[in-house]
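Beneath this line is the structure, given in structure tokens, with notes to follow.
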Amino acid sequence: MKFQCNKNDLCNAIAHVSKGVSQKSTIAALEGICIQMEPNAVVLTGYDLEIGIRTRVNAVCSDAFSFVLNARLFSEMTRRLTGEEVEFEIDETLNARIASEHTEYRISAMSAEEFPALPVVESTARTAVPQQLLRSMIQESSFAASVKEDKPILTGELFEAGEGMLHIVAMDRYRLALRQEKAADLGSFRFVVPKKALSELIMLLKDDAEQPCEFYTNGKHIVFSVNGFELFARLLEGQFHNFRSSIPADCKTEVVMNTRDMIGCAERCALLINEKNKAPMRCVFADGFMEISCKTGIGVINDRIPADISGESLTIGFSNKYLLEALRACDCDKIRIQMSGSNKVIKLMPPEGESFVYLIMPIQLKG
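Here this note's numbering runs 1 ahead of the position in the sequence shown, where the first position is 1.
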């Protein structure tokens with residue numbers, strides 16, 4: 002059995018499919034890519050029992066046969082081949098030959114019977130979202146997803162549609178990130194996708210793509226179909242927090258600032274903060290400035306940047322890390338900050354509207 006295909010097409014497919022391959026498993030097949038030969042194509046699949054990625058590569062092929070190759074070896078060997086075309090040949094004893102121009106490899110494959118089947122997700126309802134929009138919504142919210150496993154539902158992002166709006170929400174115990182856009186034709190749904198799957202989805206999405214990303218779910222699994230790839234993921238189970246109840250409706254102090262200025266200030270403070278030397282950014286909003294101070298075992302910084310302040314003057318403590326991650330996710334030149342007191346949640350938004358809403362719990366200051 003054999004096939005022939007373009008080397009670049011195959012390398013691109015392997016690079017993406019490998020993201021679904023287990024890095025270390027007691028099942029050897031899970032560290033490999035399943036290759037299914039069919040008329041005029043080969044189908045490549047990586048699956049670590051949490052996420053799976055599948056794609057089809059056009060090929061000169063008339064045989065039907067499936068096998069598994071170690072993903073790392075397959076990737077490195079194919080990438081290092083000379084020439085533009087790859088010739089692949091395998092016999093019934095699973096001895097494989099990979100060749101191109103003057104280079105030839107011979108390796109042993111594994112039986113496809115050892116490779117677990119991807120989940121069957123049957124759904125007639127498919128949702129289509131422009132790739133650029135979906136990519137930006139995930140990128141601008143995923144930073145807030147929890148990295149701790151004690152509450153698994155918070156290690157993913159909530160996808161919710163209804164009443165003409167699409168919401169994507171991530172949160173942990175100390176912050177929340179909401180991205181929302183008008184979406185009249187999406188219908189109604191609510192589910193939580195693991196952050197790991199969304200990190201791989203971002204790599205598949207393209208800002209300049211004309212075709213949308215389609216996804217469908219059976220309530221337990223979801224499939225994203227984009228640019229010739231299918232990404233399978235198990236949805237997270239549990240009750241996601243009612244994010245709307247956490248968002249303050251009013252404030253006593255509103256500040257509008259240059260986003261880059263604020264990032265620069267937080268980065269200067271970050272030079273004094275590490276795991277052994279932790280301290281909040283002490284921020285005073287008054288008289289047209291945000292005055293910042295931070296003191297750790299490494300040293301002290303005092304800084305200030307211009308701010309357009311409305312309402313009461315305020316002193317509040319920020320987590321440098323949480324503030325920086327939120328600011329870096331913003332896609333706007335200016336940021337609007339609303340506060341209701343030194344111990345109340347901090348709300349970050351764009352200058353106009355609420356396409357994103359970031360909430361950060363303050364840190365209580367001493368003295």
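In this text, a Cβ means the ideal position worked out from N, Cα and C, and glycines have one as well.
Remember, predicted model here, so these are calculated numbers, not experimental data.
Where residue i sits in the DSSP three-state scheme
| i | result |
| --- | --- |
| Tyr-48 | strand |
| Asn-13 | helix |
| Ile-154 | helix |
| Val-22 | coil |
| Thr-128 | strand |
| Leu-134 | helix |
| Ala-185 | coil |
| Gln-140 | helix |
| Arg-57 | strand |
| Glu-161 | strand |
| Ser-294 | strand |
| Met-204 | helix |
| Arg-73 | helix |
| Lys-8 | helix |
| Lys-197 | helix |
Beta-carbon spacing of residue i, residue j below 9 Å
| i | j | result |
| --- | --- | --- |
| Val-170 | Leu-202 | no |
| Ile-302 | Leu-272 | yes |
| Ile-364 | Gly-318 | yes |
| Phe-286 | Leu-315 | yes |
| Ile-223 | Gly-265 | no |
| Val-58 | Cys-6 | yes |
| Arg-107 | Ala-97 | yes |
| Leu-159 | Phe-244 | yes |
| Gln-37 | Leu-45 | yes |
| Ala-308 | Val-256 | yes |
| Ile-361 | Ser-320 | yes |
| Ala-72 | Glu-32 | yes |
| Ile-336 | Met-258 | yes |
| Asp-262 | Glu-141 | no |
| Ala-280 | Cys-214 | no |
| Glu-195 | Gln-339 | The displayed chain sequence assigns Pro, not Glu, to residue 195. Not closer than 9 Å, so no. |
| Pro-120 | Leu-237 | no |
| Ala-65 | Pro-40 | yes |
| Lys-8 | Glu-77 | no |
| Ile-34 | Phe-75 | yes |
| Asp-208 | Gln-133 | yes |
| Glu-313 | Thr-260 | no |
| Cys-12 | Thr-79 | yes |
Residue i classed as buried or exposed, judged by whether at least 16 other C-beta atoms fall within 10 angstroms
| i | result |
| --- | --- |
| Ser-63 | exposed |
| His-103 | exposed |
| Arg-136 | buried |
| Gly-47 | buried |
| Val-61 | exposed |
| Gly-157 | buried |
| Ala-330 | buried |
| Gly-53 | buried |
| Ala-118 | exposed |
| Arg-176 | buried |
| Ala-185 | exposed |
| Ala-234 | buried |
| Ala-16 | exposed |
| Met-166 | exposed |
| Glu-1 | As shown, the chain starts at 2 and ends at 368. That puts residue 1 outside it, with no answer to give. |
C-alpha gap between residue i and residue j, whole angstroms
| i | j | result |
| --- | --- | --- |
| Val-122 | Gly-21 | 17 Å |
| Ala-100 | Glu-88 | 5 Å |
| Arg-55 | Val-18 | 6 Å |
| Glu-90 | Thr-125 | 38 Å |
| Gln-240 | Ala-267 | 34 Å |
| Arg-180 | Ile-139 | 8 Å |
| Gln-24 | Ala-198 | 15 Å |
| Ala-30 | Ala-110 | 10 Å |
| Gly-289 | Phe-144 | 30 Å |
| Asp-1 | Leu-155 | Because the chain in this structure spans residues 2 to 368, residue 1 falls outside the shown range and cannot be described. |
| Met-204 | Lys-367 | 43 Å |
| Gln-212 | Ile-274 | 44 Å |
| Asp-251 | Ser-341 | 8 Å |
| Met-346 | Gly-354 | It should be pointed out that residue 346 corresponds to Val in this sequence rather than to Met. Distance between the alpha carbons of Val-346 and Gly-354: 19 Å. |
| His-242 | Arg-191 | 12 Å |
| Leu-187 | Val-148 | 30 Å |
| Pro-131 | Asn-344 | 39 Å |
| Val-43 | Phe-116 | 16 Å |
| Ser-189 | Glu-161 | 7 Å |
| Asn-278 | Lys-322 | 13 Å |
| Gly-163 | Leu-95 | 51 Å |
| Ala-146 | Ser-247 | 16 Å |
| Leu-349 | Lys-3 | 57 Å |
| Ser-67 | Glu-114 | 9 Å |
| Ser-356 | Asp-92 | 56 Å |
| Arg-127 | Ala-178 | 26 Å |
Beta carbon proximity, residue i to chain B, threshold 9 Å
| i | result |
| --- | --- |
| Met-263 | Of the protein chains in this structure there is only one, and it is not chain B. |
Sequence ranges, beta strand (DSSP E) only - wholly within the segment 218 to 285, length at least 3: Fully enclosed beta strand (DSSP E) runs of no fewer than 3 residues occupy 222 to 227, 230 to 235, 254 to 259 of the segment 218 to 285, in order along the chain.
Residue ranges of each alpha helix (DSSP H) run of no fewer than 4 residues wholly in the segment 305 to 350, ordered along the chain? With a minimum length of 4 residues, the continuous alpha helix (DSSP H) runs that stay inside the segment 305 to 350 are 321 to 330.
At 3 residues or longer, and completely inside the segment 75 to 110: list those beta strand (DSSP E) runs for me, N to C. With a minimum length of 3 residues, the continuous beta strand (DSSP E) runs that stay inside the segment 75 to 110 are 86 to 91, 96 to 101, 104 to 109.
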